[in-house]
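Just so we're aligned, residue 3 is where the sequence shown starts under the working numbering, counting upward by one.
Each remark here refers to the structure printed beneath this line.
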Amino acid sequence: MPIPLVSRCHILLQLRIVVGVAQVEFEGFVIHHTVCEQEPPNWDFKIHPDGSVSSSSVLMRRGHIHICLEGDFNLGYESMNLDQKTQLFTASKIILELSRLHDISPLYLFPHSDSCPGAHFPWNALVIYPVDGYH
C-alpha cells in the first residue's frame, strides 16, 4: 500500500529504507512511467497520482536510482492535469533529497528509454536548483 507523502520526514525515511546504510555511488536518476512497453517493476520509487510514494525495500539496480511515475507522462507540462503535476513535484523533491544525501547532481536525469517517459516529457519540471530552491 502506498505511503502518503505528507512531510520531508516521510521522504527521508523512505530514502533510507531503499538505500540503507551501505555506501553506494550513484551516477544519477532514471525516470520511468508506467505505460512503458518495457516497464518491468524494477524501480526504487513509484509515485502515484494521489501524490503518495511506494518504495522498494532494497535498491533495485546499482549505479542509478529509478523513479517511476504512475500514468502516461509523454506530454508537455501545460497538458498535464493537477495530479500529474503533483507527481512531478514529488519526484523533484525526492531527487533533491537524494542528491543531498548521496552527493549526486540533481541534474543527472536520464530517460529509461527513447519512449519512456517519452519525447514530450517535461524534464525542466523535475529540476529544482539547490541554490535557488523550489522554482
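By construction, the Cβ of each residue, glycine as well, lies at the ideal position given by its N, Cα and C atoms.
Query raised in the report: From G53 to L84, what does the alpha carbon distance come to, in whole angstroms?
Result: 10 Å
Query raised in the report: For the alpha helix (DSSP H) that contains L109, what are its first and last residues?
Result: Counting along the chain, L109 falls outside any alpha helix (DSSP H), and DSSP gives it neither H nor E.
Requested in this report: Measuring alpha carbon to alpha carbon, tell me which of L100, F123, T88 ends up nearest G30.
Outcome: Among L100, F123, T88, the Cα nearest to that of G30 belongs to L100.
Query raised in the report: Of the residues C70, L90, C38, H104, which one's Cα is nearest the Cα of G78?
Result: The candidate whose alpha carbon is nearest that of G78 is L90.
Query - Simplified DSSP state of L84, which is helix, strand or coil - result: The three-state reading of DSSP puts L84 in helix, counting H, G and I together.
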